[in-house]
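Heads up: the sequence shown begins at 1073 in this note's numbering, then just goes up one per residue.
Report on the following structure.
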Amino acid sequence: MPPATTRSKAEKPTEPRLSRPARVAEAIKDWVVERGMQAGDRLPSEPEMMAHFGMAKGTIREAMRILEAQGLIKTRTGPGGGSFVHEVSRTRAKALLGNYFYFKNLTIGDIYQMRRALEPENAAALAGKLSPEVLDQLAEIIALYQVPARTQDEEREQHIASLRFHAVLAEQARNPLLGFVIDFMVKLLSDITTYRQLYTPVNPELRLRGLDFQTRLLAALREGDAGAARAIMKAHMETAWALMGDQEAIALSRFLPE
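Structure representation (structure tokens):
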């Protein structure tokens, strides 16, 4: 019998080998970071890239196409043209990450497990720190579902609006990573709510409980009460988890044979 160490090495999965242009693209990213380049800074010319990385023109061009497809560089033609460092937008980053989860069959429970852990902390951190304009924006969102929906379309719009309340808080996060993760989860939940039709059947309790939580949360944010903001958001997430889970179960039953 071969030694255990030998067997473990043989069974160890190998990482797929990157193509030469992909390796050069990674090297260019490292090079940009090392020099502290910022969005809008011009990258060296193609001949300079060839000389620096010791690669042929075709390899450099393919590497630059990879980076452009990733949204990390922008190429402009004409006078003053060239390749420039580009910052990936929040919208594009969420879309790219969403592609990864497209076939993961996420459940409401998967998303709310994360929301329950993260959103109360964001709410506490924002208490007393939001501008009057943002507080007014949150109040305007809440007003959109003060009255029960009259149609299925209105019901869907109210569900999405209630999630936008959380997206606005995510955009204000002091921690950009925390804000992005929360914002991404809100987008996932909005998409799932729409294509799985989790807004049907109408659930009056879901609207009323959410409205109550968000109204009280807004008051705590205005008053700068971090403890209350954290507690209210935690209770909001736990209640929404249970109620949206019920909506998901009903939606799934529509696809099961009688």
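Note that beta-carbon positions come from the ideal geometry of N, C-alpha and C, so glycine has one too.
{"query": "Beta-carbon contacts of A1307 that lie in its chain and below 7 Å, excluding the five residues immediately before and after", "result": "F1285"}
{"query": "Beta-carbon proximity check, I1145 vs V1157, cutoff 8 Å", "result": "yes"}
{"query": "Beta-bridge partners of T1147, as assigned by DSSP", "result": "S1155"}
{"query": "Environment of Q1185 [buried if 16+ CB atoms lie within 10 Å]", "result": "exposed"}
{"query": "Nearest-angstrom Cα separation, counted from D1255 out to K1166", "result": "8 Å"}
{"query": "Through-space distance from T1131 to P1074, alpha-carbon basis", "result": "For P1074, the predicted structure reports a pLDDT of 45, less than 50, and the residue's modelled location is therefore unreliable. The matter cannot be settled from this model."}
{"query": "Counted within 10 angstroms of its Cβ, other Cβ atoms place L1202 as buried (16 or more) or exposed", "result": "buried"}
{"query": "Buried versus exposed, by CB contacts within 10 Å (16 or more), T1265", "result": "buried"}
{"query": "Under the three-state DSSP convention, the category R1114 falls into", "result": "strand"}
{"query": "Beta-carbon contacts of S1117 that lie in its chain and below 8 Å, excluding the five residues immediately before and after", "result": "G1154"}
{"query": "Beta-carbon contacts of T1311 that lie in its chain and below 6 Å, excluding the five residues immediately before and after", "result": "R1281"}
{"query": "DSSP state of F1175 mapped onto helix, strand, coil", "result": "coil"}
{"query": "Pairwise C-alpha distance: Q1319 and Q1224", "result": "15 Å"}
{"query": "Three-way DSSP call (helix, strand, coil) for T1272 in this model", "result": "coil"}
{"query": "Simplified DSSP assignment, three categories, for N1247", "result": "coil"}
{"query": "Classification of Y1174 by the beta-carbon crowding that lies within 10 angstroms, buried from 16 upward", "result": "exposed"}
{"query": "Spatially closest choice to A1323 from T1287, Y1267, T1149, by CA coordinates", "result": "Y1267"}
{"query": "Min CB distance F1156 to chain D below 8 Å", "result": "Of the protein chains in the structure, only one exists, and it is not chain D."}
{"query": "Own chain partners of L1290 with C-beta closer than 8 Å, once the 5 adjacent residues on each side are dropped", "result": "L1207, L1210, A1211, I1214"}
{"query": "I1100 versus N1171 - alpha carbon distance", "result": "25 Å"}
{"query": "Simplified DSSP assignment, three categories, for Y1217", "result": "coil"}
{"query": "Inter-residue Cα distance where the pair is L1249 and R1302", "result": "19 Å"}
{"query": "Member of V1219, T1149, M1257, R1092 whose CA lies at the smallest distance from the CA of E1277", "result": "V1219"}
{"query": "For V1253 and L1190, believed in contact at Cβ under 8 Å, the rounded distance", "result": "6 Å"}
{"query": "N- and C-terminal bounds of the alpha helix (DSSP H) containing D1297", "result": "From DSSP, D1297 is part of no alpha helix (DSSP H); its letter is neither H nor E."}
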